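Residue numbers (our numbering): 122 to 310. Structure, as structure tokens:
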Amino acid sequence: MKWPLLFPVYTIEKYRLAPIETERSKDIFALYSDPEICRYLQRDPMQKESEAFMQIERWQRDFRSKRGLRWGIFEGNSFEASLMGTVALHYVNEEHQRAELGADLFPVHWGKGIITLLTGRLIEIAFSEIGLHRLELRCMPDNIPSVRIALKSGFTYEGTLRDYVFIQGKGFTSERVYSLLSTEYGVGE
122 MKWPLLFPVY TIEKYRLAPI ETERSKDIFA LYSDPEICRY LQRDPMQKES
172 EAFMQIERWQ RDFRSKRGLR WGIFEGNSFE ASLMGTVALH YVNEEHQRAE
222 LGADLFPVHW GKGIITLLTG RLIEIAFSEI GLHRLELRCM PDNIPSVRIA
272 LKSGFTYEGT LRDYVFIQGK GFTSERVYSL LSTEYGVGE
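Structure follows, in structure tokens:
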């Protein structure tokens with residue numbers, strides 16, 4: 122695995138993927154306190170901005186320990202640009218050369234193909250730059266937008282983990298698993 126020494130920044134068409142600094146805790150709080158966004162996440166909405174600050178610090182630790190990369194999505198190259206959402210290669214497992222894809226977007230940006238576009242670039246980063254062998258996309262069965270992104274991006278449906286996750290206040294929920302291998306993408310043996 123070829124983990125970057127410095128957190129990479131990318132420009133994909135009109136979007137910039139950049140690290141999320143603690144100064145953005147207000148934006149992260151706005152994103153992850155929204156019940157509409159948290160509907161498909163394995164967590165309750167955030168209640169305090171301090172939770173967002175601590176989450177950003179966790180993402181930074183994940184990068185330093187080679188366990189994850191979480192980018193902020195910004196429109197244009199301005200560092201004053203508003204946060205549109207986040208994308209991630211997370212739950213990275215160096216030994217088994219795999220990671221999960223994740224994405225969360227403010228509802229105002231839904232349905233515009235942004236995550237589909239960025240997923241294509243994340244796949245390329247994961248396989249060609251970092252050298253991973255397997256990517257997974259996991260989602261709740263009723264998360265139709267994520268199911269569509271997985272299928273459009275060439276992922277294979279592997280099955281459903283029944284009552285896999287317990288969410289406080291919601292009970293157990295199942296999780297669909299999609300995967301893509303570097304060999305299917307045209308990288309590797």
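The beta-carbon is built from N, C-alpha and C at its ideal position, and this holds for glycine as well. Here the structure is a predicted model, which means the values were calculated and not measured.
Take the Cβ of T89 as the centre, count every other Cβ of all protein chains shown within 10 Å, and call the residue buried at 16 or more, exposed below. Residue coverage of the chain in this structure runs from 122 to 310, which leaves residue 89 outside it and unanswerable.
Can you tell which of A224, W231, E178, C260 has the C-alpha that lies nearest to the C-alpha of I244? Comparing Cα-Cα distances from I244 to each of A224, W231, E178, C260, the minimum goes to A224.
So, with DSSP's three-state summary, where would you put A139? A139: strand per DSSP, three-state reduction.
Closest to F248 by CA distance: which of L222, G234, F150, S295 is it? The shortest CA-to-CA distance from F248 to any of L222, G234, F150, S295 is the one to L222.
Considering just the uninterrupted stretch of the beta strand (DSSP E) at M205, what are its terminal residues? Element bounds for M205: 204 to 214.
Within a Cβ cutoff of 7 Å, which residues of the same chain sit near L282, ignoring the five residues on either side of it in sequence? Excluding its 5 nearest sequence neighbours in each direction, L282 has C-beta neighbours in its own chain below 7 Å: S295, E296, V298, listed in chain order.
What do you get for S146, buried or exposed, if any count of 16 or more other CB atoms within 10 angstroms of its CB means buried? Burial check for S146: the Cβ neighbour count within 10 Å reaches 16 or more, so the residue is buried.
With 16 other CB atoms within 10 Å as the buried threshold, where does M122 fall? Per the 10 Å Cβ criterion, exposed.
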